[in-house]
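Chemist:
Number of protein chains: 2
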Amino acid sequence: MKALEGYRGLALKLLQESGAQIGDLIEVTRDGESLRGFLMPRSEYDDENHVVLKLSSGYNVGLRVGGSVAIRVLEKGVKPMFKRPPRPPPKPGLPEAYVISTGGTIASRVDYRTGGVEPALNAEDLYSIYPELSELANIHTTLLYSEFSENLTKEHWAGMARAVAEAVNSGAQGVVICHGTDTMGYTAAALSFILQHPPIPIILVGSQRSSDRPSSDAPSNLIAALKISLSAPFAGVYVAMHESSSDEYIAVHRGVKVRKCHTSARDAFKSINAPLAARYHALTGTIQVLDDHLPLRREMGEVKLEERMDDNVCLVKFYPGMKPKILESILDSGLRGIILEGSGLGHVSKALYEPIRKAVERGVFVGMTSQCLWGRVNLNVYYTGRDLLKIGVVPLEDMLPETALVKLMWVLGRANSFEEVKELMTRNLVGEISETRWFQGCGP
Amino acid sequence: MKALEGYRGLALKLLQESGAQIGDLIEVTRDGESLRGFLMPRSEYDDENHVVLKLSSGYNVGLRVGGSVAIRVLEKGVKPMFKRPPRPPPKPGLPEAYVISTGGTIASRVDYRTGGVEPALNAEDLYSIYPELSELANIHTTLLYSEFSENLTKEHWAGMARAVAEAVNSGAQGVVICHGTDTMGYTAAALSFILQHPPIPIILVGSQRSSDRPSSDAPSNLIAALKISLSAPFAGVYVAMHESSSDEYIAVHRGVKVRKCHTSARDAFKSINAPLAARYHALTGTIQVLDDHLPLRREMGEVKLEERMDDNVCLVKFYPGMKPKILESILDSGLRGIILEGSGLGHVSKALYEPIRKAVERGVFVGMTSQCLWGRVNLNVYYTGRDLLKIGVVPLEDMLPETALVKLMWVLGRANSFEEVKELMTRNLVGEISETRWFQGCGP
């Protein structure tokens, strides 16, 4: 955290003159009245005219500066100290595990004095928060990123893949990635395509409540993730999160079939168009495999990377009355591919056929998914769907729109022709397309 | 259906010369070989060089024309005839009900000869398909539109609202709208805002399988919709569809809280962030009210319309790595408002802050919903959310993104200032925003 983060203009000047830093206990006096509190950070979108204090009541107040305002430091802030147990010495009998932190709630502590969220994921912190870990494995921690997950891009995905490969190829028996929940599904899909045949399960894990709240799901999720990564009989990329609001069951989702379906609940993550991969029973520490089509764990094996991705793509959700000019303006921005979230079985209004046709003629890949999320697209049921097929729209079966977007980025990074893009997008590579078991007989 | 729908160029010329029409049994001869079948329609995206026949085997074949092709009509097609019972005379004791058809699977018959789907919703057809109806009400039918629901626009919504108002204001005790399922949720939301305090329940109903398939959900849905509209104790706009795959329970959803969540299943419609309004028990014909906050049915009462809408709006789903230039190009197309589907509690990447800020400065309304769909947005939990608030993004609570888009169109059609737009968008008008009962305590 920067010394006077977010302050500009007059407020910054006055604070600098006083020698105050974020977290200091300061006193602000104006017209004979004084207020005391801890100096809070601001953001670049705040104005220049206020200093924000956290009062002892816990409330934040913004004080307007200017005129005869005086600022005085009463007490320098001290970084909050956690009482850390000494890191246990490596035990020869235990497996080696890697915990890679990328940010998000699970890898943070809230500093209640400033309200700021700070990364807390060196090995000592982990052992301090989760003492049980020292019985499970010798844990190596990497603080790879400290970023809100909405800010992650394909470069971060490649960086995570490299960190995973390094860990696996140096003999790790378990690899866990701590990740913000907002875009964990997108990252899980990306790693599923980038990491070529990992021999062990790579588990992404997050939490919906931070680890220093009593209601936090962080400890149960993290411990489950480690145990699953160390001992599950399958390999690949998965997400492990609460199955319900209780700590008892942790659901394991395929990385290409999972979606955050609630803004705040602990059981926000759902497998869509696929069974759960597995369920971890916290009370017994056992793993129940629920999908018998998962790739198997291998004793030995390196993981290779195919990390090139092209992000000249776009995800567009259709809605009735969508104006063709909006789709045109998106398509005119130099895209190489677009994923449509159509209605129902994969439809868009006929007003959009012409911009789509022009895009296809220019060599833009246009893939169709459904905003229903559940179920499979089918462009053969209604003649409007058949029209889209003739225009060149490619139906993407039961793939999640988000997974389809990530896959398209990856496919465009490696395919040499439009035909190869089409072939790869419609072929099941890592479980992103399910078989059509229960789809028969739908439609009029 | 047009006489030679979809044919162009040489194929059209040859067919016209032969006097053939869609549905005729014709013979196509080339190089001494002949094929017989029913002439099928084509679409404007088909090529000009093929004539398509449905063979007696049921398969369609495309025959290339040109060279020495000869076409001969063997038998003129006859419109398929249904054996309709005579329409029963109006019974004085029965209530008056209106069934308004707008298209979609529920109001169609498949013509198996041509594969075409034809509207079938005059009163005789209805009584023919659903003889039970004659015991329920004197039914007036209106074939308002015959359109796939992905092609409906705000003009259609206004037209439906006028048809509903006409029916209600002429004394109807029940009004049902048959609608394609693809965009039924959007239409239900639109009618919820346009129809001012309807005294009875207006029920939108659709089917996932057409009415002449044995597995069709059309009869059970339509009969339930009529009974609910005639006798439920609440008023407003609702969607009635199968609650599960069985015909036993029909779920009644608030028009502003419902979403199609499966491409093909009978129980595709779900209430999101709200309880079911009611459940209809098909075996007993009873209605179980599940939400005790619904507006009550009134014995008398007219319905007024507020039908003006502005569709210079857009729904944009965020994804990691979304390029600012894409959002800019959308915003530069003269929009007055945009609904973002952010990640998690309502986030987008910081790369998008600048285009959003510029749009807000130009007076564009920017509302935030969540792509999670379930749960409530909250821009106060993380400082990234607070940044968005400062930029001027307006959090839209637990409103569905689709409902928020429709509401924004309606609000922009009537508000006189940016402040009024904001005020109306964040105020619960017809149940689109739920109370924050179970949201307390979320976040880090």
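Line by line, the protein sequences are chains A and B.
Quick note: the first sequence, position 126, residue 126 per this note's numbering, numbers continuous.
With positions in the second sequence counted from 1, the corresponding number in this note's numbering is that position plus 1000.
C-beta: ideal position from N, C-alpha, C; glycine also.
1. Let's test the definition: count the other Cβ atoms within 10 Å of the Cβ of residue 1270 (chain B) and tell me whether it reaches 16, buried, or not, exposed.
2. Residue 281 (chain A): buried (16+ other C-beta within 10 angstroms of its C-beta) or exposed?
3. So, is the C-beta of residue 293 (chain A) closer than 8 Å to a C-beta in chain B?
4. Which residue marks the beginning of the beta strand (DSSP E) containing residue 1106 (chain B), and which one marks its end?
5. Taking only beta carbons into account, state which residues of the segment 134-156 of chain A come closer than 7 Å to chain B, listed in chain order.
6. Below 7 Å on C-beta distance, what does residue 1181 (chain B) contact in chain A?
7. By the criterion of Cβ-Cβ separation under 8 Å, what are the contact partners of residue 1028 (chain B) in chain A?
8. Please report the distance separating the alpha-carbon of residue 1011 (chain B) from that of residue 347 (chain A).
9. Keeping to the same chain, check which residues put their C-beta closer than 7 Å to that of residue 1073 (chain B); ignore five residues upstream and five downstream.
10. Just to confirm, are residue 1204 (chain B) and residue 1183 (chain B) a CB contact at a threshold of 8 Å?
11. Run through chain A and tell me which residues come within less than 7 Å of residue 1319 (chain B), C-beta to C-beta.
12. Which residues, taken in chain order from the segment 239-267 of chain A, show a beta carbon closer than 8 Å to some beta carbon of chain B?
13. Where does residue 1082 (chain B) land, buried or exposed, given buried means 16+ other C-beta within 10 angstroms?
14. Check distances from the C-beta atoms of the segment 425-436 of chain A to those of chain B and list, in chain order, the residues that come in under 9 Å.
15. Residues in the segment 1365-1387 of chain B with C-beta within 9 Å of chain A's C-beta atoms, listed in sequence order?
16. Would you report the Cα separation of residue 1441 (chain B) and residue 1092 (chain B), rounded to the nearest angstrom?
17. So what does residue 174 (chain A) bridge to, in DSSP terms?
18. Report yes or no: do the segment 1092-1105 of chain B and the segment 1159-1179 of chain B share at least 3 C-beta pairs separated by less than 8 Å?
19. Please list the partners that residue 347 (chain A) has in chain B, where partner means a Cβ-to-Cβ separation under 8 Å.
20. Check residue 1026 (chain B) in the structure and name its three-state DSSP category.
21. My guess is that residue 1052 (chain B) and residue 1042 (chain B) are in contact by the Cβ rule of under 8 Å, so how many angstroms apart are they, rounded?
22. Following the continuous beta strand (DSSP E) through residue 202 (chain A), name the residue where it begins and the one where it ends.
23. Is there a Cβ of chain B sitting closer than 8 Å to that of residue 329 (chain A), yes or no?
24. Strictly under 8 Å for the Cβ-Cβ distance: is residue 1333 (chain B) near chain A by that measure?
25. If you check the beta carbons only, do residue 298 (chain A) and residue 235 (chain A) fall under 8 Å apart?
26. Ordered along the chain, which non-local residues of its own chain (more than five positions away) have a Cβ less than 7 Å from that of residue 1374 (chain B)?
27. Using the C-alpha atoms, what's the distance from residue 198 (chain A) back to residue 329 (chain A)?
28. Which residues in the same chain have their Cβ closer than 6 Å to the Cβ of residue 1378 (chain B), if we skip the five residues on either side of it in sequence?
29. Quickly, what does DSSP pair residue 1343 (chain B) with across the bridge? List them, please.
30. Output yes or no for whether 8 Å exceeds the beta carbon distance between residue 424 (chain A) and residue 411 (chain A).
31. Can you tell which of A:384, A:340, A:369, A:413 has the C-alpha that lies nearest to the C-alpha of residue 432 (chain A)?
32. Near residue 1137 (chain B), what residues of its chain come up, given a Cβ to Cβ distance below 8 Å and the 5 sequence neighbours on each side ignored?
33. If residue 342 (chain A) and residue 1154 (chain B) are in contact, beta carbons under 8 Å, what's the gap, nearest whole angstrom?
34. Here's the rule I'm using: 16 or more other beta-carbon atoms within 10 Å means buried, otherwise exposed. How should residue 427 (chain A) be labelled?
35. Is it buried or exposed, residue 161 (chain A), if we count other Cβ atoms within 10 angstroms and call 16 or more buried?
Modeler: In short:
1. buried
2. exposed
3. no
4. From DSSP, residue 1106 (chain B) is part of no beta strand (DSSP E); its letter is neither H nor E.
5. 148, 150, 151, 152, 153, 154
6. 344
7. Residues of chain A passing the Cβ test: none, with the nearest at roughly 21 Å.
8. 28 Å
9. 1018, 1019, 1020, 1024, 1026
10. no
11. 186, 315, 402, 405
12. 260, 261, 262, 263, 264, 265
13. Its pLDDT being 46, under 50, residue 1082 (chain B) is placed unreliably by the model, and the measurement read from it follows with that caveat. By the 10 Å Cβ count, residue 1082 (chain B) comes out exposed.
14. none
15. 1370, 1371, 1372, 1373, 1374, 1375, 1376, 1377, 1378, 1381, 1382, 1383, 1384, 1386, 1387
16. Confidence is the limiting factor: at residue 1441 (chain B) the pLDDT is only 29, short of 50, which leaves the residue's position unreliable, though a coordinate-based value still follows. One C-alpha to the other measures close to 58 Å.
17. A:97
18. yes
19. 1148, 1150, 1182
20. strand
21. 6 Å
22. 201-205
23. yes
24. yes
25. yes
26. 1272, 1273
27. 40 Å
28. 1345
29. B:1347
30. yes
31. A:369
32. 1094, 1095, 1096, 1097, 1173, 1174, 1226, 1230
33. In fact, because the Cβ distance is near 20 Å, the residues do not count as touching under 8 Å.
34. exposed
35. buried
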